[in-house]
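Asker: The sequence shown finishes on residue 478 if you use my numbering, and the numbering steps up by one all the way, no holes. Beta carbons are placed, not taken as given, at the ideal position from N, Cα and C, and that holds for glycine.
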Amino acid sequence: MKEGRERKREEKERKKERKKERKKERKSKIGSATWVTRFRPIRAGLLPILHPSVDAARAARSRKGCPGLGSAGAEAPPSTLPSLPSPLHPPLPIPGCLAHLHAPLSLSLSLPLLAKMATEGLQEKESLAVLKTEAESLKGKLEEERAKLHDVELHQVAERVEALGPFVMKTRRTLKGHGNKVLCMDWCKDKRRAVSSSQDGKVIVWDAFTTNKEHAVTMPCTWVMACAYAPSGCAIACGGLDNKCSVYPLTFEKNENMAAKKKSVAMHTNYLSACSFTNSDMQILTASGDGTCALWDVESGQLLQSFHGHGADVLCLDLAPSETGNTFVSGGCDKKAMIWDMRTGQCIQSFETHESDINGVRYYPSGDAFASGSDDATCRLYDLRADREVAIYSKESIIFGASSVDFSLSGRLLFAGYNDYTINVWDVLKGSRVAILFGHENRVSTLRVSPDGTAFCSGSWDHTLRLKGAIELTAVCF
């Protein structure tokens, strides 16, 4: 028994001695100049720091012959090798042969390198901070220049204009047929027909005079959030959660299959939020939740121009009147309203005064201004010539967001649909509210004035569309 215990003690002592010897060997290797470790470049193109002990490895590789060192396989002298890039100089590319050397790096020299990389990262952060401060200063200068042009308020100019008295607009027609929330509508240029889209996936073409349904299309998806009538009245466009804009030609043949005539024109990477034909049936503008707008050729489905600049979903757009040029306005969840040139694809003006999502935009009839409605419960008027906001239409009692806006034919009235089921009518010049229109039983989602200005149509989440006129449907243009 004693002998067995002594043997175990001896074995334990031997193991301890071996461990001590191994530790000494490791320390001696770390302290010597021969211990190296493989180095993976932290940045692409960064040359490794070559340790003196690499000379032997280089010599061995040069004997075997390495591409990039010449026919004799001779190595370039150390003086010709590129040095380690400093923060002031860009990194140099690795020569052909050195890229295959897998050159090792001394542990003692890797720490300074990491420190340099850290300082470079700090410099990049500092440069970003400098750029941000410069951008803010430039914005401040722009606001100063805009303030110089702001010599008078709109209500001061309109003091001599007679105020509008209160008036009543009655509901003349109610269009029923959708099985769910009405999301969008548009008028035909013939002033009689209208198209509407709904959450139920249906697109309906209406005769506004008789309230008859002339056409009905069932889309392959629900939430058809966009629809538009072609200028000729011979086609409609629509789209939504299918991320596409589909064009349907309209005919008056009996038992026609409109789905078979469908043409997919536009394809986005997110839902389609708005669409509008240009001045012809051959081109169409689209806005999407992917943050872009696009101009498409209807016949070929080819993308003609894309418009990038919004930082979030684009919710609405409106084409400028044909007399003012090839521009359109868009608004979105980034609280910005942007003016675009369709020929160049560039943003030529941008306005950011809303405090929440912009749900609707509409050009003033002259094309020199536009209005916007937002979730911040305000509507705002922007003058493109003055390059600034000129009026805010709001009241303390209005706490719900505006979903859609449109001008009367003269431009004196601004109609705005709100999420509290009402439509407010604003005097554009005076900035005062002249009427509140009731009738819908849920939030108003869309609103458009007829082309002749005699009435306007509003769509709601109560599944209906309502036509309102001043006295009679075809009587007075307001």
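Figure out for me which residue from 384, 422, 406 has the closest Cα to the Cα of residue 400.
Answerer: As a working note, residue 400 is residue 400 in the sequence shown. Measuring from the Cα of residue 400, the nearest candidate turns out to be 422.
Asker: With distances taken from CA atoms, which of 217, 294, 138, 210 is nearest residue 196?
Answerer: In the sequence shown, counting from the first residue as 1, residue 196 sits at position 196. Of 217, 294, 138, 210, the residue nearest in Cα terms is 217.
Asker: Quick one: what's residue 173 bridged to in DSSP?
Answerer: As a working note, residue 173 is residue 173 in the sequence shown. Per DSSP, 467.
Asker: Mark residue 462 as exposed unless 16 or more other C-beta atoms lie within 10 angstroms of its C-beta, in which case mark it buried.
Answerer: For this step, residue 462 is matched to residue 462 along the sequence shown. The residue in question, residue 462, is buried, as its Cβ has 16 or more Cβ neighbours within 10 Å.
Asker: Comparing C-alpha positions only, which one of 219, 221, 177, 198 sits nearest to residue 208?
Answerer: Here residue 208 is taken as the residue at index 208 of the sequence shown, counted from 1. That would be 177, whose Cα lies nearest to the Cα of residue 208.
Asker: Does DSSP classify residue 155 as helix, strand or coil?
Answerer: Here residue 155 refers to the residue found at position 155 when the sequence shown is read from its first residue. It is helical.
Asker: In angstroms, rounded to a whole number, what distance separates the CA positions of residue 381 and residue 271?
Answerer: Working through the sequence shown from its first residue, we reach residue 381 at position 381. Working through the sequence shown from its first residue, we reach residue 271 at position 271. Distance between the alpha carbons of residue 381 and residue 271: 28 Å.
Asker: Check whether the Cβ atoms of residue 281 and residue 230 lie closer than 8 Å to each other.
Answerer: Position 281 of the sequence shown holds residue 281. Position 230 of the sequence shown holds residue 230. For residue 281 and residue 230, yes; Cβs fall inside 8 Å.
Asker: Based on DSSP bridge pairs, tell me the residues matched to residue 315.
Answerer: Position 315 of the sequence shown holds residue 315. Note: residue 315 sits in no beta bridge, so no partner.
Asker: So the candidates are 167, 164, 10, 193; which of them puts its Cα closest to the Cα of residue 175?
Answerer: Here residue 175 refers to the residue found at position 175 of the sequence shown. Nearest C-alpha to residue 175: 193.
Asker: Would residue 453 and residue 409 be called neighbours here (beta carbons separated by less than 8 Å)?
Answerer: Taking the sequence shown and counting its residues from 1, the one referred to as residue 453 is at position 453. Taking the sequence shown and counting its residues from 1, the one referred to as residue 409 is at position 409. Contact: yes.
Asker: Going along the chain, which unbroken runs of the beta strand (DSSP E) with 3 or more residues stay wholly within the region 202-230?
Answerer: You should have 202-207, 212-218, 226-229.
Asker: If you measure between the beta carbons of residue 283 and residue 345, is that distance less than 8 Å?
Answerer: For the purposes of this step, residue 283 is identified with residue 283 of the sequence shown, where counting begins at 1. For the purposes of this step, residue 345 is identified with residue 345 of the sequence shown, where counting begins at 1. Contact flag unset, no.
Asker: Which ranges would you report for the beta strand (DSSP E) in the region 359-399 if only whole runs of at least 3 residues count?
Answerer: Fully enclosed beta strand (DSSP E) runs of 3 or longer: 369-374, 379-383, 388-393.
Asker: What's the gap between the Cα of residue 128 and the Cα of residue 136?
Answerer: Taking the sequence shown and counting its residues from 1, the one referred to as residue 128 is at position 128. Taking the sequence shown and counting its residues from 1, the one referred to as residue 136 is at position 136. Rounded to whole angstroms, residue 128 to residue 136 spans 12 Å at the Cα level.
Asker: If you draw a straight line from the alpha carbon of residue 219 to that of residue 267, how long is it in whole angstroms?
Answerer: Within the sequence shown, the letter at position 219 stands for residue 219. Within the sequence shown, the letter at position 267 stands for residue 267. Using only the alpha carbons, I get a separation of about 15 Å.
Asker: Please report the distance separating the alpha-carbon of residue 183 from that of residue 126.
Answerer: The residue you call residue 183 lines up with position 183 of the sequence shown. The residue you call residue 126 lines up with position 126 of the sequence shown. Whole-angstrom Cα-Cα distance: 47 Å.
Asker: Using CA coordinates, which residue listed in 444, 391, 417 is at the minimum distance from residue 156?
Answerer: Along the sequence shown, read from residue 1 onward, the residue named residue 156 stands at position 156. Closest by alpha carbon: 391.
Asker: To the nearest whole angstrom, what separates the beta carbons of residue 407 and residue 362, a pair I think is in contact under 8 Å?
Answerer: Locating residue 407 in the sequence shown gives position 407, counting from the first residue. Locating residue 362 in the sequence shown gives position 362, counting from the first residue. Yes, they are in contact, since the Cβ atoms of residue 407 and residue 362 sit about 6 Å apart, within 8 Å.
Asker: Would you list the residues sitting across from residue 282 in a DSSP beta bridge?
Answerer: Residue mapping note: residue 282 aligns to position 282 of the sequence shown, counting from 1. Answer is none; residue 282 lacks a bridge partner.
Asker: Quick one: what's got a C-beta closer than 6 Å to residue 11's C-beta in the same chain, skipping five residues either side?
Answerer: On the sequence shown, position 11 is the one that residue 11 refers to. Around residue 11: no qualifying Cβ.
Asker: Applying the criterion that 16 or more other CB atoms from any shown protein chain within 10 Å of the CB defines a buried residue, is residue 377 buried or exposed?
Answerer: The count along the sequence shown starts at 1 and reaches residue 377 at position 377. Label assigned to residue 377: buried.
Asker: Do residue 447 and residue 404 have their beta-carbon atoms positioned less than 8 Å apart in this structure?
Answerer: Position 404 of the sequence shown holds residue 404. Position 447 of the sequence shown holds residue 447. Yes, these two residues count as a Cβ contact at 8 Å.
Asker: Buried or exposed: residue 15, going by 16 or more other Cβ atoms within 10 Å of its Cβ?
Answerer: Taking the sequence shown and counting its residues from 1, the one referred to as residue 15 is at position 15. Exposed, since its Cβ has fewer than 16 Cβ neighbours within 10 Å.
Asker: Just to confirm my understanding: we take residue 241, look at its own chain, exclude 5 residues before and 5 after, and list those with CB closer than 6 Å. What are they?
Answerer: For the purposes of this step, residue 241 is taken as the residue at position 241 of the sequence shown. 221, 223, 271, listed in sequence order.
Asker: Excluding sequence positions up to five away, which residues of its chain have a Cβ less than 6 Å from the Cβ of residue 372?
Answerer: For the purposes of this step, residue 372 is taken as the residue at position 372 of the sequence shown. Within the same chain, residue 372 has close Cβ partners 331, 337, 358, 361, 380.
Asker: Using 8 Å as the threshold, is the C-beta distance between residue 307 and residue 292 below it?
Answerer: As a working mapping, residue 307 is identified with position 307 in the sequence shown. As a working mapping, residue 292 is identified with position 292 in the sequence shown. Contact: yes.
Asker: Can you say whether residue 328 is buried or exposed, counting buried as having 16 or more other CB atoms within 10 angstroms of its CB?
Answerer: Walking along the sequence shown from the start, residue 328 turns up at place 328. Buried: at least 16 other Cβ atoms inside 10 Å.
Asker: Under the rule that 16 or more other beta-carbon atoms within 10 Å means buried, what is residue 167, buried or exposed?
Answerer: By one-based count along the sequence shown, residue 167 stands at place 167. Per the 10 Å Cβ criterion, exposed.
Asker: Who are residue 339's beta bridge partners in DSSP?
Answerer: Locating residue 339 in the sequence shown gives position 339, counting from the first residue. Partner(s): 329, 349.
Asker: Got a sec, what are the start and stop residues for the beta strand (DSSP E) residue 248 sits in?
Answerer: Position 248 of the sequence shown, counted from the start, is the residue given in the question as residue 248. Run containing residue 248: 244-249, per the beta strand (DSSP E) assignment.
Asker: For residue 424, does the count of other Cβ atoms within 10 angstroms reach 16, so buried, or fall short, so exposed?
Answerer: Here residue 424 refers to the residue found at position 424 of the sequence shown. Answer is buried; the Cβ neighbour count reaches 16.
Asker: Under 8 Å, do residue 450 and residue 187 count as touching if we go by C-beta distance?
Answerer: Counting from one through the sequence shown, the residue named residue 450 turns up at place 450. Counting from one through the sequence shown, the residue named residue 187 turns up at place 187. It is a contact, given that the beta carbons lie within the stated cut-off.
Asker: Please state the DSSP three-state secondary structure of residue 454.
Answerer: The residue given as residue 454 occupies position 454 in the sequence shown. Of the three classes helix, strand and coil, the one that applies to residue 454 here is coil, per DSSP.
Asker: Quick one: does residue 359 have its CB under 8 Å from some CB of chain B?
Answerer: Protein chain content of the structure displayed is limited to a single chain, and chain B is not contained in it.
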